[in-house]
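So the mapping is simple: our numbering equals the position in the sequence shown, first residue as 1, plus 1.
The beta carbon of each residue, even a glycine, is placed where N, CA and C say it ideally should be.
Read through the structure below, which is laid out as structure tokens, and then see the notes.
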Amino acid sequence: MELGTRKDVAQLSVMQPALLSSGQTGCSSKSGSGKSSCGSAAGQGDLPPGIWEKIRNHPCYSEEAHHHYARMHVAVAPACNIQCNYCNRKFDCSNESRPGVVSERLTPEQAARKVLAVASNIPQMTVLGIAGPGDPLANPEKTFKTFELVAQTAPDIKLCLSTNGLLLPEYVDTIQALNIDHVTITINMIDPEVGANIYPWIYYNKKKHKGVEAARILSERQLLGLEMLTARGILCKVNSVMIPGINDHHLAAVNKAVKSRGAFLHNIMPLISAPEHGTVFGLNGRRGPTAQELKALQDSCEGEMNMMRHCRQCRADAVGLLGEDRSNEFTTEKVLEMEVHYDLEIRQAYQEDVERQRAAVVAARNEELMTLAGTDSNISILVAVASKGAGRINQHFGHAKEFQVYEVSTAGVKFVGHRRVDNYCQGGFGEEESLETVVRAINDCAAVFISRIGNCPREGLLKAGIEPVDRFALEYIEQSALTFFREYLERVRSGEIEHKQRGDADIRQGALIAT
Ligand code: CLF
Ligand code: SF4
2 MELGTRKDVA QLSVMQPALL SSGQTGCSSK SGSGKSSCGS AAGQGDLPPG IWEKIRNHPC
62 YSEEAHHHYA RMHVAVAPAC NIQCNYCNRK FDCSNESRPG VVSERLTPEQ AARKVLAVAS
122 NIPQMTVLGI AGPGDPLANP EKTFKTFELV AQTAPDIKLC LSTNGLLLPE YVDTIQALNI
182 DHVTITINMI DPEVGANIYP WIYYNKKKHK GVEAARILSE RQLLGLEMLT ARGILCKVNS
242 VMIPGINDHH LAAVNKAVKS RGAFLHNIMP LISAPEHGTV FGLNGRRGPT AQELKALQDS
302 CEGEMNMMRH CRQCRADAVG LLGEDRSNEF TTEKVLEMEV HYDLEIRQAY QEDVERQRAA
362 VVAARNEELM TLAGTDSNIS ILVAVASKGA GRINQHFGHA KEFQVYEVST AGVKFVGHRR
422 VDNYCQGGFG EEESLETVVR AINDCAAVFI SRIGNCPREG LLKAGIEPVD RFALEYIEQS
482 ALTFFREYLE RVRSGEIEHK QRGDADIRQG ALIAT
């Protein structure tokens, strides 16, 4: 299937179904650009059928899909051919994983069996990604053998690859031949002087290259690979790690460069850096961005290009919805004992049901958005949400390991990020220290939506100026956020509450074990 021209893709990305249906202007109108980019939230009506088919149930390429569909990774690619200063090779590749995580290594045959086991048990698992623990293209035999085996036995599963891009031009033909429709390239710079601060060396053409020379080769290979893939109609996502003081001001130029070469989606991820990770940046005290810094950069890049904001920096053996991780249920030992029964019809029937639920979520949001039509206000707020998936507020405050963050204004509602936390309820008791961490993580939010909450955390949140809201328990997130926002404006107008700009919030930097 042919991808549209680059111009088509750029134009598509500025449309949002909710806004189109309401006749309102873009959700980024306050940015001054006058453009709206909800990017990966684009719906079926906005996209050519070929592209919609590729993204509709891919949890990374579609924000909407990530509430309903799962992905899995298989860790078949241990070696790497470059060194990034935010990576410690004792752990998984940090281009798609959180630092400090070690995945279980598999052979292609073990990996293919695991995919079937997961597909049998999780019918909403639609995508197989290979993202490490090193670079998949530095391990081409294992990577491509795995894809080949899976394509033979589970043909409905989309194939996805993530790479540092050094060897991409060599493998574009193989990627196309194997129907790998989604490729992620981590591109942190287009200026080798900047790159020399991120990459001490690369290994290329049987030779170690260092400093600016290494970064120049890497950048040329990455951009050439991106151009070659998009020319073949393969959807490309670019990941960039935001490293304050090194490439934070440079990433806008990276955004333009990858957009002009046809990238479909740009995922700017925060540097996660702590001494215990043993990385150069961690040991040198290089800090990651705050929530506000990250959002400001993502907002500034959001224009004609889709920005991904729901990335969870997964493990190289992650299984499940993006916000959860079920990899422990599918260890090699457990998979060997499992009865594997891959049934395409059962999977399709399940996914049809998911599509019905998904359509209901969108319809409820659009209906609620109509109630804001004609409302004039410059106010926008962030709300945090505890959710286990399906687009609903369906998690107890004390059980949440992450909060999803939505921005709401008269222009609509959009997902703008997530905040990982220690769950407040540990062994049946609330933890004072955990509450402080949660408050710091969602300090920029006016409210937190949960299905239930105890009195102690309720009081603590109120004291911090964050309104705990449990009256939308089990309701749809976006619809509830719009209802809350409409009432919030009414309360501001009546003088019941005063609208205040909230402060900044923390992105978790410490050691991350397991998920
Ligand atoms: Fe995996 Fe990556 Fe494919 Fe997704 S992850 S290879 S595109 S299937 Fe997704 Fe995970 Fe973020 Fe990657 S949330 S780290 S962007
Ligand atoms: Fe680590 Fe990935 Fe960089 Fe290789 S490409 S050094 S595995 S972060």
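Look at the alpha carbon of residue i and the alpha carbon of residue j, and state the distance between them as a whole number of angstroms.
i      : j      : result
Gly246 : Val259 : 21 Å
Arg288 : Asn248 : 13 Å
Glu54  : Ile158 : 12 Å
Ala232 : His311 : 27 Å
Asp354 : Glu325 : 21 Å
Asn240 : Glu105 : 24 Å
Pro134 : Glu433 : 36 Å
Val409 : Gln480 : 11 Å
Ile514 : Asn82  : Interpretation of Ile514 is limited by its pLDDT of 39, a score under 50 that renders its predicted location unreliable; no figure is taken from the coordinates.
Asp192 : Phe485 : 45 Å
Gly442 : Ile467 : The sequence given here has Ala at residue 442, not Gly. Rounded to the nearest angstrom, the two C-alpha atoms are 12 Å apart.
Glu523 : Phe473 : For residue 523 there is no data in the structure shown, the boundaries of the chain being 2 and 516.
Thr108 : Ile380 : 53 Å
Asp423 : Ile454 : 16 Å
Gly51  : Asn395 : 34 Å
Lys402 : Glu214 : 42 Å
Arg262 : Ser220 : 13 Å
Ile123 : Phe331 : 11 Å
Met270 : Thr438 : 21 Å
Asp166 : Val417 : Here the sequence assigns Gly to residue 166, which means Asp is not the residue at that position. Rounded to whole angstroms, Gly166 to Val417 spans 27 Å at the Cα level.
Glu142 : Ile131 : 13 Å
His267 : Leu162 : 15 Å
Gln405 : Met73  : 21 Å
Pro137 : Cys457 : 47 Å
Val75  : Cys237 : 20 Å
Ala254 : Cys88  : 24 Å
Tyr62  : Lys211 : 34 Å
Ser79  : Asn307 : Inspection of the sequence shows that residue 79 is occupied by Pro rather than by Ser. Spanning the two alpha carbons is a distance of roughly 31 Å.
Pro276 : Gln510 : 10 Å
Phe92  : Arg421 : 20 Å
Ala366 : Arg316 : At residue 366 the sequence reads Arg, which differs from the Ala that was named. Cα to Cα, the separation comes out at about 32 Å.
Asp471 : Gln293 : 26 Å
Ala361 : Cys426 : 32 Å
Ala364 : Met309 : 23 Å
Lys415 : His251 : 26 Å
His400 : Ala155 : 34 Å
Lys257 : Lys464 : 43 Å
Kindly give me the distance between the Cβ atoms of residue i and residue j, rounded to whole angstroms, as I take these residues to be in contact under 8 Å.
i      : j      : result
Asn189 : Val242 : 5 Å
Gly390 : His183 : Going by Cβ atoms, the distance from Gly390 to His183 rounds to 21 Å, so no, they are not a contact pair.
Gln517 : Pro170 : Past the edges of the chain, shown from 2 to 516, lies residue 517, and the structure says nothing about it.
Ala387 : Phe398 : 6 Å
Leu323 : Pro60  : 5 Å
Ser328 : Val320 : 5 Å
Leu295 : Phe282 : So it is not a contact: roughly 16 Å between Cβ atoms.
Ala370 : Tyr407 : Before going further, note that residue 370 is Leu rather than Ala in the sequence given. Incorrect: roughly 13 Å between the Cβ atoms, too far for contact.
Val77  : Thr147 : 5 Å
Val173 : Leu224 : Val173 to Leu224, Cβ: 13 Å. No contact.
Gly392 : Ile478 : 6 Å
Phe145 : Thr185 : Not really, about 16 Å apart at Cβ, beyond 8 Å.
Leu160 : Ile181 : 4 Å
Gln177 : Gln352 : Rounded, the Cβ-Cβ distance is 26 Å, inconsistent with contact.
Ala280 : Asn140 : Checking the sequence, you will find Thr at residue 280 rather than Ala. Not really, about 22 Å apart at Cβ, beyond 8 Å.
Ala264 : Leu227 : 6 Å
Using the DSSP secondary-structure output, state which residues sit across from residue i in a beta bridge.
i      : result
Ala258 : Partner(s): none; Ala258 has no beta bridge.
His210 : Ile203
Pro469 : Val449
Gly321 : Arg72
Tyr477 : Arg393
Ile347 : None, per the DSSP bridge assignment.
Ala78  : Pro134
Ile269 : Ser241
Asn307 : Leu266
Ser163 : Thr185
Glu408 : Leu383, Lys415
Arg492 : The partner list for Arg492 (beta bridge, DSSP) is empty, contrary to what the question assumes.
Arg421 : Glu403
Met126 : Ala71
Gln84  : Trp202
Please indicate yes or no: does the CB of residue i lie closer than 8 Å to some heavy atom of ligand 4?
i      : result
Asp423 : Ligand 4 is not part of this structure, which contains only ligand 1 and ligand 2.
Please tell me whether residue i has its Cβ less than 9 Å away from any Cβ of chain D.
i      : result
His500 : Looking at the structure shown, chain D is missing, and only one protein chain is on hand.
At least three beta-carbon pairs within less than 8 Å, the segment 365-375 to the segment 338-348: no
Segment contact, 8 Å Cβ cut-off, at least three pairs: the segment 334-341 with the segment 112-120: yes
The segment 479-495 / the segment 440-450 touching (three or more Cβ pairs under 8 Å): yes
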